[in-house]
Amino acid sequence: MSTFGYRRELSKYEDIDEDELLASLTEEELKELERELEDIEPDRNLPVGQRQKSLTEKTPTGTFSREALMAYWERETKKLLEKERLGACEKDSEQEEDNSEELQEECFTESNSEVSEEAYTEEDDEEGDEEEDEDESDDENEEEQNAAAGRRSDHIRHRKCNGAKDNENFLNGHGGKDSDNRSSKSSAIHPCGNPTVIEDALEKVRSNDPDTTEVNLNNIENITSQMLIQFSQALRDNTVVKSFSLANTHADDNVAIAIAGMLKVNQHITSLNIESNFITGKGVLAIMRALQHNKVLTELRFHNQRHIMGSQVEMDIVKLLKENTTLVKLGYHFDLAGPRMSMTSILTRNMDKQRQKRMQEQRQQESGCDGAVNPKTKVLQKGTPWSSPYVSPKSSPWSSPKLPKKALPVKCQPSAPA
5 MSTFGYRREL
15 SKYEDIDEDE
25 LLASLTEEEL
35 KELERELEDI
45 EPDRNLPVGQ
55 RQKSLTEKTP
65 TGTFSREALM
75 AYWERETKKL
85 LEKERLGACE
95 KDSEQEEDNS
105 EELQEECFTE
115 SNSEVSEEAY
125 TEEDDEEGDE
135 EEDEDESDDE
145 NEEEQNAAAG
155 RRSDHIRHRK
165 CNGAKDNENF
175 LNGHGGKDSD
185 NRSSKSSAIH
195 PCGNPTVIED
205 ALEKVRSNDP
215 DTTEVNLNNI
225 ENITSQMLIQ
235 FSQALRDNTV
245 VKSFSLANTH
255 ADDNVAIAIA
265 GMLKVNQHIT
275 SLNIESNFIT
285 GKGVLAIMRA
295 LQHNKVLTEL
305 RFHNQRHIMG
315 SQVEMDIVKL
325 LKENTTLVKL
335 GYHFDLAGPR
345 MSMTSILTRN
355 MDKQRQKRMQ
365 EQRQQESGCD
375 GAVNPKTKVL
385 QKGTPWSSPY
395 VSPKSSPWSS
405 PKLPKKALPV
415 KCQPSAPA
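Numbering-wise (my numbering), the sequence shown opens with residue 5 and increments by one.
#1: In the structure shown, what three-state DSSP assignment does residue 206 receive?
#2: Closest by CA to residue 293, which one among 372, 269, 282?
#3: Is DSSP giving residue 285 helix, strand or coil here?
#4: I'd like the span of the alpha helix (DSSP H) that includes residue 235, first residue to last.
#5: Just to confirm, are residue 303 and residue 348 a CB contact at a threshold of 9 angstroms?
#6: From the DSSP output, in three-state form, read off residue 349 for me.
#7: Are the CB atoms of residue 249 and residue 218 nearer to each other than 9 angstroms?
#8: Near residue 56, which residues of its chain fall below 7 angstroms by C-beta distance, leaving aside the five closest residues on each side in sequence?
#9: Label residue 298 either buried or exposed according to how many other C-beta atoms from any shown protein chain fall within 10 Å of its C-beta, with 16 as the threshold for buried.
#10: Identify the continuous alpha helix (DSSP H) that holds residue 308 and give its terminal residues.
#11: Only counting the same chain, and skipping five residues up and downstream in sequence, which positions put a Cβ closer than 7 angstroms to that of residue 364?
#12: Run through the DSSP bridge pairs and tell me what residue 219 is partnered with.
#13: Flag this pair as yes or no: are the beta carbons of residue 320 and residue 285 separated by less than 9 angstroms?
#14: Should residue 74 be labelled buried (16 or more other beta-carbon atoms within 10 Å of its own) or exposed?
#15: Decide if residue 199 is buried, meaning its Cβ has at least 16 other Cβ atoms within 10 Å, or exposed.
#16: Please report the residue range of the alpha helix (DSSP H) in which residue 333 lies.
#17: Would you mind working out which of 226, 224, 263 sits nearest residue 235, comparing C-alpha positions?
#18: Between which two residues does the beta strand (DSSP E) holding residue 276 run?
#19: Would you identify the three-state DSSP class for residue 213, choosing helix, strand or coil?
#20: Quick one: what does DSSP say residue 365 is sitting in, helix, strand or coil?
#21: Leaving out five residues before and five after residue 279 in sequence, what residues of the same chain have Cβ atoms less than 7 angstroms from its Cβ?
#22: In whole angstroms, what separates the C-alpha of residue 330 from that of residue 205?
#23: Short of 8 angstroms in beta carbon distance, which residues of its chain neighbour residue 229, apart from the five on each side in sequence? Order them along the chain.
#24: Name the residue from 337, 282, 333 whose alpha carbon lies nearest to the alpha carbon of residue 311.
#25: Since residue 2 and residue 300 are thought to touch, with beta carbons under 8 angstroms apart, how far apart are those beta carbons, to the nearest angstrom?
#26: What's the C-alpha gap between residue 13 and residue 53?
#27: Tell me whether the beta-carbon of residue 324 lies closer than 9 angstroms to the beta-carbon of residue 351.
#28: If I follow the unbroken alpha helix (DSSP H) through residue 258, where does it start and stop?
#29: Here's the rule I'm using: 16 or more other beta-carbon atoms within 10 Å means buried, otherwise exposed. How should residue 232 be labelled?
#30: Give me, in chain order, the residues of the same chain whose beta-carbon lies closer than 7 angstroms to that of residue 89; leave out the 5 immediate sequence neighbours on both sides.
#31: Tell me whether residue 277 is buried or exposed, calling it buried when 16 or more other Cβ atoms sit within 10 Å of its Cβ.
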């Protein structure tokens, strides 16, 4: 029998005794051999997911606690939010502290240099003659230096305390009531550049100021959620404001629920912008439920939230807005194709209804009641009381070409029967 290929090389292993070879192996070599055999021929009785050997030999460091892990994540998230909210103000306060420390160091170095120069000149002028007078003058200079340095340090400390108080009032969203006009003006300037003064705007909304038709709180990072809730509560009884914007103000679900309660009562706001905030699907659905009782709002924007809405929230939004007939603009991009198409059809239907309503109002104005004059024609009549000097329509100076008339075909009448 002929052997081919690798079978010729296997013939030299036929005379080897396997038992002697296994007896000569150490314990480590036997374990390694068992691991290799398990990889080559795994146990068929085990499920497929358990046939792969464990490649990690690290011992566990401790017991796993899900509650401790969740509490740690919550603490870290709160710290991150606080850092994002107070980051700009902390940078400003650190810069002020650094500047004050530099000023203090400069004051001390200048005073020390002046004292050293004075002492040096006095020593050159009065060498060895009046040692007691020199000691007395040095003591007096040191006392004056310490007093001046103390006054300067007290002044710098007073400025630093005032700056800290201003920063605290700035973080709370309002300036100090007992401060002067200059401090109140500085607290009204926000890092984002929004010129809105929060306290003044809130007072105008509460007093129903006729000139305040828009409340713009966009990009004010230092405003608190409690202040936003106060704005929502003040807008319940307001009849002048038409637009309410609070984009990028760290608003959460509590603010959204307060806005939903406001929309159920207020029938004058036509535009609402809550984009780029921390509102979840719970707050958005609360606003959508409130729109079932609101027949005035035409524009709503709530895109770019920190939390993803999800497919279920998008479908619920479409279900809640099916009965709404006034919403025309919706600032949100649906991830699912079904809710997106349904929302597009709803907005198109609302736009058609608004157009039909406008056309009906125009017809009523044109027709009038009991021969009433149309206001548009009335304005024209007031503007042109005299008749036009030109004849209308004006005849053309050129004659129109005349086409030859075609003879009409004469129908042959049938002859009468004889």
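The beta carbon of each residue, even a glycine, is placed where N, CA and C say it ideally should be. All figures in this text were calculated on a predicted structure; none of them were measured in a lab.
From the atom records:
#1: Residue numbering aside, residue 206 sits at position 202 when the sequence shown is read from its first letter. Note: residue 206 maps to helix in three-state DSSP.
#2: Here residue 293 is taken as the residue at index 289 of the sequence shown, counted from 1. The option with the nearest alpha carbon to residue 293 is 269.
#3: For the purposes of this step, residue 285 is taken as the residue at position 281 of the sequence shown. Three-state DSSP puts residue 285 in a helix.
#4: On the sequence shown, position 231 is the one that residue 235 refers to. That run of the alpha helix (DSSP H) goes 229-238.
#5: In the sequence shown, residue 303 corresponds to position 299, counting from 1. In the sequence shown, residue 348 corresponds to position 344, counting from 1. No, Cβ-Cβ distance for residue 303 and residue 348 is not below 9 angstroms.
#6: What you label residue 349 is simply residue 345 of the sequence shown in a count that begins at 1. Three-state result, residue 349: helix.
#7: The residue labelled residue 249 in the question sits at position 245 within the sequence shown. The residue labelled residue 218 in the question sits at position 214 within the sequence shown. In contact: residue 249 and residue 218 (Cβ atoms closer than 9 angstroms).
#8: Sequence index remark: in the sequence shown, residue 56 carries index 52 (1-based). None.
#9: Residue mapping note: residue 298 aligns to position 294 of the sequence shown, counting from 1. The residue is buried, with at least 16 neighbouring Cβ atoms inside 10 Å.
#10: If you number the sequence shown from 1, residue 308 lands on position 304. No alpha helix (DSSP H) holds residue 308; DSSP gives it neither H nor E.
#11: By 1-based counting over the sequence shown, the position of residue 364 is 360. Answer for residue 364: no residue qualifies.
#12: What you label residue 219 is simply residue 215 of the sequence shown in a count that begins at 1. Paired residue(s): 248.
#13: Position 316 of the sequence shown, counted from the first residue, corresponds to residue 320. Position 281 of the sequence shown, counted from the first residue, corresponds to residue 285. Contact: yes.
#14: On the sequence shown, position 70 is the one that residue 74 refers to. Classification for residue 74: exposed.
#15: Start at 1 with the first residue of the sequence shown, and residue 199 comes out as number 195. It counts as exposed.
#16: Working through the sequence shown from its first residue, we reach residue 333 at position 329. First-last for residue 333: 333-335, but that is the beta strand (DSSP E), not the alpha helix (DSSP H).
#17: Within the sequence shown, numbered from 1, the residue matching residue 235 stands at position 231. Ranking 226, 224, 263 by Cα distance to residue 235 puts 263 first.
#18: Here residue 276 is taken as the residue at index 272 of the sequence shown, counted from 1. Element bounds for residue 276: 275-277.
#19: For the purposes of this step, residue 213 is taken as residue 209 along the sequence shown, with counting starting at 1. It is coil, neither helix nor strand.
#20: The sequence position of residue 365 within the sequence shown is 361, counting from 1. Helix, per DSSP.
#21: Start at 1 with the first residue of the sequence shown, and residue 279 comes out as number 275. Excluding positions up to five away in sequence, the list reads 251, 305, 306, 307, 308, 335.
#22: Looking up residue 330 in the sequence shown gives position 326. Looking up residue 205 in the sequence shown gives position 201. Spanning the two alpha carbons is a distance of roughly 28 angstroms.
#23: The residue you call residue 229 lines up with position 225 of the sequence shown. Closer than 8 angstroms at the Cβ level, and outside the excluded window around residue 229, lie 254, 255, 256, 258, 259.
#24: Residue 311 sits at position 307 when you count from the first residue of the sequence shown. Ranking the options by Cα distance to residue 311, first place goes to 282.
#25: This structure leaves residue 2 out entirely; the chain is present only between 5 and 422.
#26: Here residue 13 corresponds to residue number 9 of the sequence shown, with the count starting at 1. Here residue 53 corresponds to residue number 49 of the sequence shown, with the count starting at 1. Cα to Cα, residue 13 sits roughly 37 angstroms from residue 53.
#27: Start at 1 with the first residue of the sequence shown, and residue 324 comes out as number 320. Start at 1 with the first residue of the sequence shown, and residue 351 comes out as number 347. Not closer than 9 angstroms, so no.
#28: The residue you call residue 258 lines up with position 254 of the sequence shown. It spans 257-269 - the alpha helix (DSSP H) in which residue 258 sits, taken as one unbroken run.
#29: Here residue 232 refers to the residue found at position 228 when the sequence shown is read from its first residue. Buried, by the Cβ-count rule.
#30: Residue 89 sits at position 85 when you count from the first residue of the sequence shown. 225, 254.
#31: For the purposes of this step, residue 277 is identified with residue 273 of the sequence shown, where counting begins at 1. With 16 or more Cβ atoms within 10 Å of its Cβ, residue 277 is classed as buried.
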